[in-house]
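Asks:
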Amino acid sequence: MSKPTTERIPFEPNNRNKKAKEPKKAPVAPAAKATVKPAITNNSKIKSSNSLGIPDEVNRRIVRRAALFCGIPTGLGLTTFIVSYFLVSKHIVDLPTSAVVLLSMLFLGIGVLGLSYGAISASWDEGRIGSWWGGEEFKKNFGHLTEAWKSQQQLVKASQQSKNK
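The opening residue of the sequence shown carries number 21 in this note's numbering; numbering runs sequentially from there.
1. CB Leu133 to CB Ala86, shorter than 8 Å?
2. Below 6 Å CB to CB, which residues in the same chain sit around Ala142 once its five sequence neighbours on both sides are set aside?
3. Whole angstroms are fine: how far does the CA of Gln180 sit from the CA of Ala168?
4. Contact defined as beta carbons within less than 8 Å: I believe Val108 pairs with Asp114. What is the distance between those atoms, to the nearest angstrom?
5. What residue does the alpha helix (DSSP H) around Ile74 start on, and which one ends it?
6. If you count every other CB in all the chains shown that lies within 10 Å of the CB of Lys110, and 16 or more means buried, which is it?
7. Could you tell me if Gly150 is buried or exposed, where buried requires 16 or more neighbouring beta carbons within 10 angstroms of its beta carbon?
8. Using only the alpha-carbon positions, how far apart do Gly73 and Lys160 sit?
9. Which residues in the same chain as Trp153 place their Cβ atom closer than 8 Å to its Cβ, once the five residues preceding and following it in sequence are excluded?
10. Which word fits Ser104, buried or exposed, when buried means at least 16 other C-beta atoms lie within 10 angstroms of its C-beta?
11. Does the beta-carbon of Gly129 have 16 or more other beta-carbons within 10 angstroms, so that it is buried, or is it exposed?
12. Going by beta-carbon coordinates alone, are Phe101 and Ser118 separated by less than 8 Å?
13. What do you get for Pro116, buried or exposed, if any count of 16 or more other CB atoms within 10 angstroms of its CB means buried?
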């Protein structure tokens, strides 16, 4: 069994299993609440320094790559129906229905794989864009995922063993 590494996922929270506790605020009189309203503009973003989510830059990169690697094959899968209808209705080619279904299923399946590949192949480091195809990023991020799965399995086994004792 390999030794677990201490390298963290770039946006992994420090306290993975602990919920962040917010300090309780003193109750405010209803009259004071009505008179004090913070000025919030549409362009302002409230961001805490210890945010537990994925950074916006990384999130945009993941969505952009997933849309590209999923959108093109899915579009081709849907276009297959339109093109095949045109070819059959104009009597240009006599296509079997099963061929159209299999081809569209192939493209739609590639779209599903592209969605996953787009998310995993994006660079998860905030300041680093990564390569266009994302091969190196895929290897690195898939390694992070497999380590997380293994550590989760170890936690489950340990909790099951403690329940059995």
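All residues carry an ideal CB built from backbone N, CA and C; glycine is no exception. Remember, it's a predicted structure, so these values are computed and weren't measured experimentally.
Replies: Quick answer:
1. Taking the sequence shown and counting its residues from 1, the one referred to as residue 133 is at position 113. Taking the sequence shown and counting its residues from 1, the one referred to as residue 86 is at position 66. Not a contact, by the Cβ cut-off of 8 Å.
2. What you label residue 142 is simply residue 122 of the sequence shown in a count that begins at 1. Once the five neighbours on either side are set aside, the close Cβ partners of Ala142 are Arg81, Ile82 and Arg85.
3. Stepping through the sequence shown from its first residue, residue 168 is reached at position 148. Stepping through the sequence shown from its first residue, residue 180 is reached at position 160. In a straight line, the C-alpha of Ala168 is about 18 Å away from that of Gln180.
4. For the purposes of this step, residue 108 is taken as residue 88 along the sequence shown, with counting starting at 1. For the purposes of this step, residue 114 is taken as residue 94 along the sequence shown, with counting starting at 1. The pair is a contact, with the Cβ atoms about 7 Å apart (cut-off 8 Å).
5. Looking up residue 74 in the sequence shown gives position 54. Where Ile74 is concerned, there is no enclosing alpha helix (DSSP H), given that its DSSP letter is neither H nor E.
6. In the sequence shown, the residue the question calls residue 110 occupies position 90. Classification for Lys110: exposed.
7. Position 130 of the sequence shown, counted from the start, is the residue given in the question as residue 150. That one is buried.
8. Within the sequence shown, the letter at position 53 stands for residue 73. Within the sequence shown, the letter at position 140 stands for residue 160. Rounded to whole angstroms, Gly73 to Lys160 spans 20 Å at the Cα level.
9. The sequence position of residue 153 within the sequence shown is 133, counting from 1. Here the set comprises Ser141.
10. By 1-based counting over the sequence shown, the position of residue 104 is 84. Buried: at least 16 other Cβ atoms inside 10 Å.
11. By one-based count along the sequence shown, residue 129 stands at place 109. Exposed, by the Cβ-count rule.
12. By one-based count along the sequence shown, residue 101 stands at place 81. By one-based count along the sequence shown, residue 118 stands at place 98. Not a contact, by the Cβ cut-off of 8 Å.
13. The sequence position of residue 116 within the sequence shown is 96, counting from 1. That one is exposed.
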